[in-house]
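Asks: Heads up, the sequence shown is in our numbering, so the first residue is 66 and it goes up one at a time. Let me begin by handing over the structure; questions about it come next.
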Amino acid sequence: MNDDQRAVVAEITREARARCLALGHGTLEAVESLRAELEKNPTLGRRAQSALGGMKIHTTRLEGTGVRPALTVTYVYDAPPPEPGLIRIALVSPVRFAGGGAGL
């Protein structure tokens, strides 16, 4: 890492981890892979509107598998730009499709 790159640490909150475990079917492993990828590339996902002025909230979608539904993962950058510093994966939820099903 050179001086222009800043260290980024990504973590999964207790609530998000509990949700992953409740969803099962490899959800925690998929979110853990995203966590590791965010440490290498913290600009993943798309910026979501925040009710709080300076908070940087992003979301991304993880495609489903044969046993796990597609997931929407929401994460927050704790430090203001340009230093992401800490990224917290805060919410993991299955993608709901029109018609009510979870897409399984």
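Even glycine gets a Cβ: it sits at the ideal position worked out from N, Cα and C. Bear in mind the structure is a predicted one, so any value in this text is a computation, not a measurement.
On the DSSP bridge list, what partners appear for S98?
Replies: Paired residue(s): none; S98 is not in a bridge.
Asks: Inspect the beta-carbon positions of R112 and H123 and report whether they are closer than 8 Å.
Replies: yes
Asks: For a test of the three-state rule: what should DSSP assign to L109, helix, strand or coil?
Replies: Looking at L109 - three-state DSSP - the assignment turns out to be coil, as it is neither helix nor strand.
Asks: In three-state DSSP terms, what is A54?
Replies: Outside the modelled stretch of the chain, which goes from 66 to 169, sits residue 54, for which no answer is possible.
Asks: Below 8 Å on the Cβ atoms is my guess for T130 versus G91; work out the distance and round it to an integer in Å.
Replies: 7 Å
Asks: Quick one: what does DSSP say E76 is sitting in, helix, strand or coil?
Replies: Shown here, E76 sits in a strand according to DSSP, grouped into three states.
Asks: Would you give the residue range spanned by the beta strand (DSSP E) that V160 belongs to?
Replies: Careful: V160 lies outside any beta strand (DSSP E) and carries neither H nor E.
Asks: Counting along the chain, where does the beta strand (DSSP E) carrying V141 start and finish?
Replies: Looking at the DSSP string, the run of the beta strand (DSSP E) that includes V141 is L136 to Y142.
Asks: Would you please verify whether the beta carbon of A81 is less than 8 Å from any beta carbon of chain B?
Replies: Looking at the structure shown, chain B is missing, and only one protein chain is on hand.
Asks: Which of helix, strand or coil does DSSP assign to T124?
Replies: strand
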